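This report concerns only the one structure given below.
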Amino acid sequence: MNTVPKWCLSPAPWEVARMTANKAVEETIESIGLLQPGEVVVVEYDSLAPVHLAASIALLDIDGERHIIVNDIFDQLHVIRAHLSIIGVDTGWIDEIPVIKFGGVLHTGNVIRRISVLKAASVWHREYLEALETFRGLKLVVTLGLEKLITVKTDIPPASVCRMCMASSIGSEDVIMMAFVNREMLPESVLEDVRELASRVFELSFRDGRLVLRVVKSPALERYGSEFSVSASELVEYLKGKSGGK
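Sequential numbering of the sequence shown, starting at -3, is according to my numbering.
This is how it looks when you write it as structure tokens:
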């Protein structure tokens, strides 16, 4: 006869809550796996949004079925990492992520290529494509700081910089690009060009303790205007639990 109390056989309420929270966060991260090769996804945010949390969703790789590569423009990955560290997240796993650096001076992640944006646009664009080609198979390229490159490169029109950074990924058989863009730093005409190129556009906001993504553009027309969200505190706890495990 089993004499073990029932409370020993069932998880405690707090454990159930933690498991439920983890499942919600993991489902959000896993949704990135639904993106198709050749897509360019833009996540727009403002300067006050907790973009470090949103970017962490893209940087975490649960299934390991694709390479995650970061385009780090003017040390934006360092900013993301620092903000995560400040809230108590061990960011050692970021050291393993392959990084292509555009400008900047800080070494964050596993930097595989440094590209000088002072070179002619055609030269640094070729160097960028060569760096991507060193990875075989499906790649999720997370671009941080695109708006900074667009505003700094004054030798060619902003729209041309935008297209050089994004257009080569559109329709690619082995690349998915996800670009986080601070819309407050771009002229409206350039932002509209970014939106036109993208297959999906999300607007990031922070409301009632939750990260909220509103669908601005999607291949699925019925998704326009819809929203989905994840608890910021649950995401932070999940990230703390992943510390050292990546």
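For every residue, glycine included, the Cβ atom is placed at its ideal position computed from N, Cα and C. Quantities reported herein were computed from a predicted structural model and do not represent experimental measurements.
Collapsing the DSSP output to three states places residue 175 in a strand.
In terms of Cα proximity to residue 23, the closest of 34, 35, 56 is 56.
Here residue 43 is exposed. Its C-beta has fewer than 16 other C-beta atoms within 10 Å. Residue pairing by DSSP places residue 198 opposite 39, 211 in a beta bridge.
Judged by their CB atoms, residue 142 and residue 53 are not nearer to each other than the 8 Å cut-off. DSSP places residue 136 inside the beta strand (DSSP E), whose first and last residues are 135 to 140. In this structure, 156 is the residue among 170, 208, 156 with its C-alpha nearest to the C-alpha of residue 185. Residue 38 is positioned such that its CB atom lies no closer than 8 Å to that of residue 226. Residue 139 is a Cβ neighbour of residue 173, given a cutoff of 8 Å. Here residue 223 has 208, 209, 210, 211 as same chain residues with Cβ atoms under 8 Å from its own Cβ, once five neighbours each way along the sequence are excluded. Burial of residue 105 is indicated by the presence of at least 16 other C-beta atoms within 10 angstroms of its C-beta. Here DSSP, grouped into helix, strand and coil, assigns residue 166 to coil. Residue 135 counts as buried, since no fewer than 16 other beta carbons sit within 10 angstroms of its beta carbon.
Separation of residue 89 and residue 62 (C-alpha to C-alpha, rounded to the nearest whole angstrom) is 16 Å.
The continuous beta strand (DSSP E) containing residue 225 extends over residues 223 to 227. Counting only the Cα atoms, residue 110 lies some 9 Å from residue 124.
Going by C-alpha positions, residue 94 is about 6 Å away from residue 66. Closest by C-alpha distance to residue 219, out of 195, 201, 176, is 195.
For residue 109, the enclosing beta strand (DSSP E) starts and ends at 106 to 111.
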